[in-house]
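To start, the structure under review is shown below, and the notes come after it.
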Amino acid sequence: MNKRKFLYSAFCMMLAITACNNKLELRPETSIDADKAVENESNLILATSGNYSMMNSTFYITTYYHLTESATDNVEATGIFDPGGTREFAAYSFNHSLAMRNPSDVYTEAYKLLRGVNNVINNIPDDANTRLLQLKGENLFLRALAHYTLVNIFGRPYVQDNGNHPGVVIVDKVAAPLDRPAKRNTVKEVYDFMIADLLKAMPLMKAEIGDNAFASRYAAAAMLSSLYLNMDNPAKAVEYANMVINSGLYSLAEGDVYKKYFSTDHSTGDKETIFCMRSLDGTGSGYYYYNQSYTVEKFAAVSKPLLDLLDEGSGDVRKSFYKPLRTADGDEYTFTTKFVQNPVANPTEQVSSPALYRLTLMYLNRAEANARLGKNQEALDDVNLIRKRAGMSGSELYSLSQLHGRSTVLQVVLDERRIEFAFEGGIRRDDLWRNNLPMIRTYGKAGIPGSFITIKPTDKRVVYFLPQDETNGVSNSLEQNP
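The UniProt record's numbering numbers the first residue of the sequence shown as 1 and each following residue consecutively.
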């Protein structure tokens, strides 16, 4: 075992011991003094591992998934499980309030992470050795990812007014919360900052490091492709998608391997995954989507429109990522099993590590970008590649003369993205807002808020309120979202 993996394993063991003592605090500066953490390479490795762990906090990445997935037309609420309106149900119903805890949790954890990554970045000079530059590149990637999760839920979509709406405060140094400026950077400024970080990170990092739970050069390229897609820059989206696709390092999972794709942690021996969040404590982003033991948590069922899309392909193996279950009141719904490694034996503890970037996303990023560029055949070629991998052939594939009821190639691509990435970190939400499309729910149960609603991409509810203590009128308070 190399030095880095040994220290990471030691850090994970330290987290487990601390958790058992009910003192878990995923901030590297609490276990290593913030000044001493940068004295030598070993401490920089340990601090970086702490930063990865902070990203994987239940209050961060899991909560971010809930906020972005619950707000889509892939989800149907089975009941009102959050009557106080502070967590998942408020996101589903679009009944946002200043009392919502989930946005505040993501906000707080993201800025904790930014403090941690800046502690590493700002203490590794640009002329350091290659091992330290790798660490710097990884932390630059994490810094971009942290800013993205923030701007994606607190800032309006980039395509609205070319990113000139308020975004979030950019943090590029170690600073206490009150040291942040009182003015929010624009969405465009945040995107420009993320792109600059990723471009700087790429040459510092190895092409691959043997563990998908650590960032690599191509993880940065994958994120750049998605950022440029959101910015309505399809040529750049294609460029960085091609960089990953043509690297030769990744391949699509096929056959039984694909059927079992979501039952693994994706970190090693997985050629489809570009970057994943390793699950450390047995909890993860699928917890509220699928849970056999705790009936009350069966909140986010699969919507009928999504099931109808899946049923269009008779041989679509992606149907195996879903399972019908009954709720406490006897109603039957379908739930995803994407994030549960072994749902039959132990559904509450064996949660897989979500893949934030995987090769399929690069193909379908390229497909959407090419559809926008008018390169319709190229777009359909990528869609058909993914459909063939899912077990379809012949008339179930698309051609320029047969779009199966879709009016445009872009609609073909968006439907395929919806099927492929359902419940995977708000991709459907981004697809709708980026393409100026409404979120339409033509389904639901009487009496459940969020049923039978339409949310336009310009609606004020497509973003969440900043935490109250950031906007309450005290010194350095920020402008609140309307």
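Just so it is clear, CB atoms sit at the ideal spot from N, CA and C, and this is done for glycine as well.
Source: prediction; values computed, not measured.
Check: For Q134, does the three-state DSSP call read helix, strand or coil?
Finding: helix
Check: So is T62 buried or exposed if we call it buried at 16+ other beta carbons inside 10 Å?
Finding: buried
Margin query: I believe G426 touches T68 by the beta-carbon criterion, under 8 Å. Please report the beta-carbon distance rounded to the nearest angstrom.
Written below: 2 Å
Notebook entry, point to check: Which residues share a DSSP beta bridge with D439?
Noted result: This sequence places Met at residue 439; Asp is not what is there. Partner(s): I455.
Next item on the list: With a threshold of 16 other CB atoms inside 10 Å of the CB of T48, please say whether the residue is buried or exposed.
Entry: buried
Margin query: Checking 8 Å against the spacing of the C-beta atoms, do A196 and F141 come in under that value?
Written below: No. Outside cutoff.
Margin query: Assuming F335 is part of the beta strand (DSSP E), what are its boundary residues?
Written below: Its beta strand (DSSP E) spans residues 332-336.
Checklist line | Reference G210, options Y322, L150, L249, V117, closest by Cα | finding: L249
Next item on the list: Pull up the DSSP beta-bridge partners for R358, would you.
Entry: In the DSSP output, where bridge partners are listed per residue, R358 has T273.
Note to self: Within 8 Å, do at least three Cβ pairs link the region 150-168 to the region 97-113?
What the structure shows: Result yes; three or more Cβ-Cβ pairs closer than 8 Å.
Notebook entry, point to check: Is it the case that the Cβ atoms of V238 and N435 are separated by a distance below 8 Å?
Noted result: no
Item checked: 8 Å contact criterion, which I455 and F154 should meet: CB distance rounded -> Their Cβ separation, rounded to whole angstroms, is 17 Å, which puts I455 and F154 out of contact at 8 Å.
Note to self: Along the chain, where does the beta strand (DSSP E) containing A77 start, and where does it finish?
What the structure shows: 75-77
Notebook entry, point to check: What's the call for L437, buried or exposed, on a 16-neighbour Cβ count within 10 Å?
Noted result: Under a 10 Å Cβ-count criterion, L437 is classified as exposed, with fewer than 16 other Cβ atoms of the shown protein chains found around its own Cβ.
Next item on the list: Quick one: residues in its chain with C-beta nearer than 7 Å to the C-beta of T30, no 5 flanking neighbours on either side, listed in chain order?
Entry: For T30, the pLDDT reaches just 37, beneath the cut-off of 50, and the residue's location in the model is therefore unreliable, leaving the point undetermined.
Item checked: Per-residue DSSP class, three states only, for Y398 -> coil
Check: Whose C-beta lies closer than 8 Å to the C-beta of N152 among residues of the same chain, with five residues either side of it excluded?
Finding: Excluding positions up to five away in sequence, the list reads T68, G426, D430.
Next item on the list: Between the Cα of P449 and those of A77, L44, M55, G50, spot the shortest distance and give me the residue it belongs to.
Entry: A77
Next item on the list: Note the first and the last residue of the continuous beta strand (DSSP E) segment covering L466.
Entry: No beta strand (DSSP E) holds L466; DSSP gives it neither H nor E.
Note to self: Let me check one thing: in DSSP terms, what residues is K323 bridge-paired to?
What the structure shows: F335
Item checked: Touching by the beta-carbon criterion (3+ pairs, under 8 Å), the region 119-130 and the region 323-333 -> no
Notebook entry, point to check: Comparing alpha-carbon positions, which option in K136, A144, K445 lies nearest F299?
Noted result: K445
Item checked: Per-residue burial, V463 [other beta carbons within 10 Å of its own, 16 or more giving buried] -> buried
Margin query: What residue range does the beta strand (DSSP E) around A300 cover?
Written below: 300-302
Notebook entry, point to check: E416: buried (16+ other C-beta within 10 angstroms of its C-beta) or exposed?
Noted result: Its Cβ being crowded by 16 or more others within 10 Å, E416 is buried.
Notebook entry, point to check: For T186, does the three-state DSSP call read helix, strand or coil?
Noted result: Here T186 sits in strand by DSSP.
Next item on the list: For the alpha helix (DSSP H) containing residue 483, list its first residue and its last residue.
Entry: There is no way to answer for residue 483, as the model of the chain reaches only from 1 to 482.
Check: Where do the N-terminal and C-terminal ends of the alpha helix (DSSP H) with D381 fall, by residue?
Finding: Note, D381: alpha helix (DSSP H), 376-389.
Checklist line | Residue of H96, T273, G391 minimising C-alpha distance to D459 | finding: H96
Check: Among residues of its own chain, excluding the 5 on either side of G313, which ones have a beta-carbon nearer than 6 Å to its beta-carbon?
Finding: M392, E396
Checklist line | Distance, M194 Cα to H147 Cα | finding: When the Cα atoms are used, H147 and M194 turn out to be separated by approximately 7 Å.
Next item on the list: Label L98 either buried or exposed according to how many other C-beta atoms from any shown protein chain fall within 10 Å of its C-beta, with 16 as the threshold for buried.
Entry: exposed
Note to self: At the level of alpha carbons, what is the spacing between Y60 and P305?
What the structure shows: Going by the C-alpha atoms only, they are around 29 Å apart.
Checklist line | Under the three-state DSSP convention, the category P305 falls into | finding: helix
Notebook entry, point to check: Taking just the CA atoms, how far does L432 sit from Q160?
Noted result: If you take the alpha carbons of Q160 and L432, they lie about 13 Å apart.
Next item on the list: Classify P166 as helix, strand or coil using the three-state DSSP reduction.
Entry: strand
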